[in-house]
DNA sequence: AATAAAATTGACGCATCGTCACCTTTCTCT
DNA sequence: AGAGAAAGGTGACGATGCGTCAATTTTATT
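Residue numbers (our numbering), protein chains in the order written: chain A, 2 to 209; chain B, 2 to 209.
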């Protein structure tokens, strides 16, 4: 009754191989079903149905529906994080620092629209936050780097916690707005956000 | 089996009187139980138990658990909104406008800590957003007023949607941080937020 | 007082959850 | 290779919570 074909050539025991495959299958099914039905409406059984596994098996991999969702968020976070780190390291001024971070984040949101939209769709009804320790790890590193940047003189000497909070707030709320637009423009969004913080918003007049 | 004593002296039919009383009783019980158990863990029965009413009665007043929660949020929003409007109207510069709004919001968050904390506690696990049409009405008016302000020259001519989004993001994320601090200071928070937007963050150096 | 209207009640049927005893597959060791 | 052990998969089951609804009680109307 198992429809799973193993194709991974890596040297792993069959056990590890199917475990990994199952885990991924559940995640894939979950992403799909969440997108179709929304978080609230999908049941654990809906998810497992898409994998050919038995209902009980789900619980060998995840504790609950919420945990799968969280795992999906983590997957997304993992995909942005390297780029964020990259940007952070190559910035030499605060403005570069900000523009790089915002651009990476907004671009990701537009690119991986599926993942982000899925998350957003679920946001409406009932929501697992994106700023849990796991998901926000990139931004937590951000706070550390802001501390660092202050020492190095790259970042102004302001309350790092508030600064981080404000940046996160700007990023997420603007992203929400952006994806609702007809033609989302990450560069424009990043410019706006950057100007708002470093220069005052006068810098980016809105063309009507 | 009804433990409710009517004490409202207003001239209302007994029907209206108990209806209003029941509605409020459910809301009060809900706030308490949500705070104790968290949104996810409380059941509709947990809520109704605190009122002496029967389980079916709950559904005469609210459609679901989520709806009560939303109603509680609306109650809170209703409490801030007049002050927000007040601030908005009396501002003559953008800076005043911002500082007023931020201060009202942060002060409310600190004052009505119970309501806000309840909300926050639930935020973690699973969350009903604060930016639904109802809750955010104050901020929706904000967007309208920003449009207005642009016309009047009080608010800089920038993309109003992004500006609103950014302000909301700053407000909520900073509020989250603020309430976690030992000695939350709404004035300092409002100063920070205002400086961040109007003047660039250099204006408020952080004392270490 | 009789009748109508409205609201309350709690038992019921339904759905989902998470568990667990049993079974199948994979691993290990000689 | 084969036997025993360990890991993992299975699906039926008990438990829990939901929302409904026919019956009942309470309030309004005439």
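Ideal Cβ positions, reconstructed from N, Cα and C, are used throughout, including at glycine.
DSSP, reduced to helix, strand and coil, places residue 33 of chain B within a helical segment of the structure shown. Contact between the region 60-68 of chain A and the region 80-88 of chain A is absent: fewer than 3 CB-CB pairs across the two stretches fall below 8 angstroms.
Counting along the chain, the unbroken alpha helix (DSSP H) around residue 57 of chain A starts and ends at 56-62. The alpha-carbon of residue 113 of chain A is positioned some 11 angstroms away from that of residue 78 of chain A.
Residues of chain A whose Cβ lies closer than 8 angstroms to the Cβ of residue 78 of chain B do not exist, since the nearest Cβ in that chain is about 17 angstroms away.
Residue 107 of chain A is positioned such that its CB atom lies closer than 8 angstroms to that of residue 187 of chain A.
Within a 10 Å sphere around the beta-carbon of residue 43 of chain B sit 16 or more other beta-carbons, which makes this residue buried. Inter-residue distance for residue 26 of chain B and residue 40 of chain B is about 18 angstroms (C-alpha atoms, whole angstroms). Between residue 163 of chain B and chain A, the shortest Cβ-Cβ separation is below 8 angstroms. Excluding sequence positions up to five before and after residue 98 of chain A, its CB lies within less than 6 angstroms of the CB of 92, all in the same chain and listed in chain order. Counting C-beta pairs with one atom in each stretch, the region 67-78 of chain B and the region 166-182 of chain B have fewer than three that are closer than 8 angstroms, which means they do not touch.
Excluding residues up to 5 positions away in sequence, 185 and 187 lie with their Cβ nearer than 6 angstroms to the Cβ of residue 111 of chain A in the same chain.
Going by DSSP, residue 14 of chain A is part of no alpha helix (DSSP H) at all; its letter is neither H nor E. A Cβ-Cβ distance of about 5 angstroms is found for the pair residue 190 of chain A and residue 179 of chain A, placing them in contact under the 8 angstroms criterion. For residue 113 of chain B, the three-state secondary structure derived from DSSP is coil. The beta carbons of residue 48 of chain A and residue 69 of chain A sit about 7 angstroms from each other, so the pair counts as a contact at 8 angstroms. DSSP places residue 163 of chain B in the uninterrupted alpha helix (DSSP H) bounded by 161-181.
Under the DSSP assignment, residue 79 of chain B falls in the alpha helix (DSSP H) whose first and last residues are 66-91.
Beyond the five residues adjoining it in sequence on each side, residue 28 of chain A comes within less than 8 angstroms, by CB distance, of 69, 72, 73 and 76 in the same chain, given in chain order.
What residue 102 of chain A touches in chain B, judged by beta-carbon distance under 9 angstroms, is nothing: the nearest beta carbon there is about 14 angstroms away. With fewer than 16 other Cβ atoms inside 10 Å of its own Cβ, residue 37 of chain B counts as exposed. DSSP places residue 94 of chain B outside both helix and strand once states are collapsed to three, so it counts as coil. Using a Cβ-Cβ cut-off of 7 angstroms, residue 54 of chain B is close to nothing in chain A; its nearest Cβ partner there is about 25 angstroms away.
Interface with chain B (8 angstroms Cβ-Cβ cutoff): residue 50 of chain A is excluded.
B:31 is the residue among B:90, B:31 and B:52 whose C-alpha sits nearest the C-alpha of residue 66 of chain B. What residue 175 of chain B touches in chain A, judged by beta-carbon distance under 8 angstroms, is 163, 166, 167 and 170, going in chain order. Classified as buried, residue 89 of chain A has 16 or more neighbouring CB atoms from the shown chains inside 10 Å of its CB. For the C-beta of residue 190 of chain A, the chain B residues within less than 8 angstroms are, from N- to C-terminus, 163.
At a cut-off of 8 angstroms, the C-beta of residue 178 of chain B has a neighbouring C-beta in chain A.
If you draw a straight line from the Cα of residue 56 of chain B to the Cα of residue 199 of chain A, it comes to about 55 angstroms. Assigned with DSSP and collapsed to three states, residue 189 of chain B falls in helix. Here DSSP, grouped into helix, strand and coil, assigns residue 42 of chain A to coil. Contact of residue 81 of chain A with chain B is not assigned, every C-beta pair being separated by 8 angstroms or more. C-alpha of residue 165 of chain A to C-alpha of residue 174 of chain B: approximately 9 angstroms in a straight line.
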